[in-house]
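Participant:
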Amino acid sequence: MEALNELSRLALKRKRQQYPSVPDKGLVTPKYGDKNANELTKAILDYFRLNGGYAVRINSQGQYNEKLGKFTKGTTTKGTADIHGCLDGIHYSIEIKIGADKQSDFQKATQEQVQAAGGYYYIATNFQSFYDWIITKKKGGVAC
Numbered sequence: 075m076e077a078l079n080e081l082s083r084l085a086l087k088r089k090r091q092q093y094p095s096v097p098d099k100g101l102v103t104p105k106y107g108d109k110n111a112n113e114l115t116k117a118i119l120d121y122f123r124l125n126g127g128y129a130v131r132i133n134s135q136g137q138y139n140e141k142l143g144k145f146t147k148g149t150t151t152k153g154t155a156d157i158h159g160c161l162d163g164i165h166y167s168i169e170i171k172i173g174a175d176k177q178s179d180f181q182k183a184t185q186e187q188v189q190a191a192g193g194y195y196y197i198a199t200n201f202q203s204f205y206d207w208i209i210t211k212k213k214g215g216v217a218c
């Protein structure tokens, strides 16, 4: 919970910078959660962005084709992490896992490839553990 509160403080600070003429009472403090995959993904994406980094959510699912009347396979490589980010010149691949969700063999192979290439890979189950992990990586990390 401490890390989510810190993220809310960072987001409010950004709002104050974006809207300097709006009084504090007119700015709503953003709320973050990590109870489900969407909340956790949003929190992690915003963490990267609020700290001067870049992050994108990877959509690996297929798309429904109305003409064919069925789903077509996605073109994303199997095992690609849910979030790709860059912060201070370091690549991060973040896999979101909530509840009983487990890493697939394709995801394990991708993790090995990312790490062999000098990037960081993390399986996020909640925001606090992600925050604690990335803080240690930022302090000891070396740019690729």
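Each residue of the sequence shown is one higher than the one before, starting from 75 at the first, in this note's numbering. Cβ coordinates follow ideal geometry from the N, Cα and C atoms, glycine included. For clarity, every value in this text was computed on a predicted model and none was experimentally measured.
Are the CB atoms of residue 170 and residue 81 nearer to each other than 7 Å?
Facilitator: Cβ atoms of residue 170 and residue 81: not closer than 7 Å.
Participant: If we require 4 or more residues per run, which alpha helix (DSSP H) segments fall completely within the stretch 93-166?
Facilitator: Qualifying alpha helix (DSSP H) stretches, in chain order: 111-124.
Participant: Can you tell me which of the three DSSP states residue 172 falls into?
Facilitator: Residue 172 falls in the coil class under three-state DSSP.
Participant: Using C-beta distances below 6 Å, list every residue in its chain close to residue 89, excluding the 5 sequence neighbours before and after it, in chain order.
Facilitator: Hits under 6 Å: 101.
Participant: Counting Cβ pairs, one atom from each stretch, are 3 or more of them under 8 Å apart for the stretch 190-204 and the stretch 165-180?
Facilitator: Yes, they touch.
Participant: I need the straight-line Cα distance from residue 93 to residue 105, nearest angstrom please.
Facilitator: Roughly 18 Å between the two C-alpha positions.
Participant: Between residue 154 and the rest of its own chain, which residues show a CB-CB distance below 7 Å, the 5 nearest in sequence each way excluded?
Facilitator: These residues qualify, in order along the chain: 132, 134 and 184.
Participant: For residue 177, collect the residues of the same chain with a Cβ closer than 8 Å to its Cβ; drop the 5 residues on either side in sequence, then sort them by chain order.
Facilitator: The residues are 169, 171, 185 and 197.
Participant: Quick check on residue 191: does DSSP put it in helix, strand or coil?
Facilitator: If DSSP states are grouped into helix, strand and coil, residue 191 belongs with coil.
Participant: Count the other CB atoms, across all protein chains shown, that sit within 10 Å of the CB of residue 121; report buried if there are 16 or more and exposed otherwise.
Facilitator: Result: buried.
Participant: Nearest CA to the CA of residue 199: which residue from 156, 79, 210 and 123?
Facilitator: Checked all of 156, 79, 210 and 123; the closest Cα to residue 199 is 156.
Participant: Rounded to whole angstroms, what's the CA-CA distance from residue 79 to residue 151? Just pull it up for me.
Facilitator: Each residue's Cα considered, the two are about 35 Å apart.
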